[in-house]
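Peer 1: Quick note: to get our numbering, add 92 to the position in the sequence shown (first position is 1). Every residue, glycine too, gets a C-beta built ideally from N, C-alpha and C. Supplied in structure tokens, the structure appears directly below.
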Amino acid sequence: MEYKKKLKQRLFVNLSWAVLGLGLLLYWFLAESDNTYPLSLGTAFIFIGIVRTIQYKQTVEDEKVMREKEIAENDERNRMMQERAKSWAFSASLFIAGDLVIILSLLGKHELALPFAWSVCGMTVLYWICWNIIRKKY
Numbered sequence: 093m094e095y096k097k098k099l100k101q102r103l104f105v106n107l108s109w110a111v112l113g114l115g116l117l118l119y120w121f122l123a124e125s126d127n128t129y130p131l132s133l134g135t136a137f138i139f140i141g142i143v144r145t146i147q148y149k150q151t152v153e154d155e156k157v158m159r160e161k162e163i164a165e166n167d168e169r170n171r172m173m174q175e176r177a178k179s180w181a182f183s184a185s186l187f188i189a190g191d192l193v194i195i196l197s198l199l200g201k202h203e204l205a206l207p208f209a210w211s212v213c214g215m216t217v218l219y220w221i222c223w224n225i226i227r228k229k230y
């Protein structure tokens with residue numbers, strides 16, 4: 093039943109997305125601004141919240157589907173692939189950002205390179221913090 097608890101937590105998160113979207117739409121209506129960012133972001137959040145809530149309802153109503161999803165989510169092979177994909181994505185984004193810093197700096201576009209440089213520094217510090225937390229845990 094731990095999986096059902098996890099699904100209920102996800103339902104809460106999905107409903108929170110919809111409420112956040114409604115808040116953004118309300119802000120957009122009350123602000124009377126030309127900025128359509130809150131409108132589009134709010135609409136997207138509402139859509140995501142509603143779609144994920146419908147998916148939750150379909151999963152919980154059918155015991156067979158819920159069991160299949162639980163097995164797929166807890167399968168060691170799937171977890172290993174998820175961890176590897178995250179690791180590869182992190183490494184790739186770090187190297188791409190680092191390459192962009194070098195290329196933009198060589199082209200003399202230091203202002204454009206600065207955000208990428210800060211992101212490389214931030215990701216490296218975050219990696220170091222996570223490494224130390226995991227090292228102490230295991």
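Do Gly134 and Leu116 come within 7 Å of each other at the CB atom, strictly closer than that value?
Peer 2: Result yes, Cβ atoms of Leu116 and Gly134 sit closer than 7 Å.
Peer 1: On the DSSP letters alone, give me the boundaries of the alpha helix (DSSP H) that Tyr119 sits inside.
Peer 2: Tyr119 -> alpha helix (DSSP H) spans Glu94 to Ala123.
Peer 1: I need the straight-line Cα distance from Leu218 to Pro207, nearest angstrom please.
Peer 2: Those two C-alpha atoms are separated by around 16 Å.
Peer 1: At what residues does the alpha helix (DSSP H) containing Asn166 begin and finish?
Peer 2: Element bounds for Asn166: Glu155 to Asn166.
Peer 1: If you count every other CB in all the chains shown that lies within 10 Å of the CB of Asn224, and 16 or more means buried, which is it?
Peer 2: Exposed, because fewer than 16 other Cβ atoms sit within 10 Å of the Cβ of Asn224.
Peer 1: To the nearest angstrom, how far is it from the Cα of Gly113 to the Cα of Phe187?
Peer 2: Roughly 34 Å between the two C-alpha positions.
Peer 1: Return helix, strand or coil for Asn170, following the three-state DSSP convention.
Peer 2: Helix at Asn170.
Peer 1: With 16 other CB atoms within 10 Å as the buried threshold, where does Phe137 fall?
Peer 2: Under this definition Phe137 is a buried residue.
Peer 1: DSSP state of Tyr148, grouped into three classes?
Peer 2: Three-state result, Tyr148: helix.
Peer 1: Grouping DSSP H, G and I as helix and E and B as strand, with all else coil, what is Tyr219?
Peer 2: Correct three-state label for Tyr219: helix.
Peer 1: Residues in its own chain within less than 7 Å of Asn106 by CB, not counting five upstream and five downstream?
Peer 2: Here the set comprises Gly141, Arg144, Thr145 and Tyr148.
Peer 1: My output table needs one value for Asn127: the three-state DSSP class, helix, strand or coil.
Peer 2: Here Asn127 sits in coil by DSSP.
Peer 1: On a Cα-Cα basis, can you pick out the residue from Phe182, Lys229, Glu203 and Leu198 that is closest to Gly214?
Peer 2: Nearest C-alpha to Gly214: Phe182.
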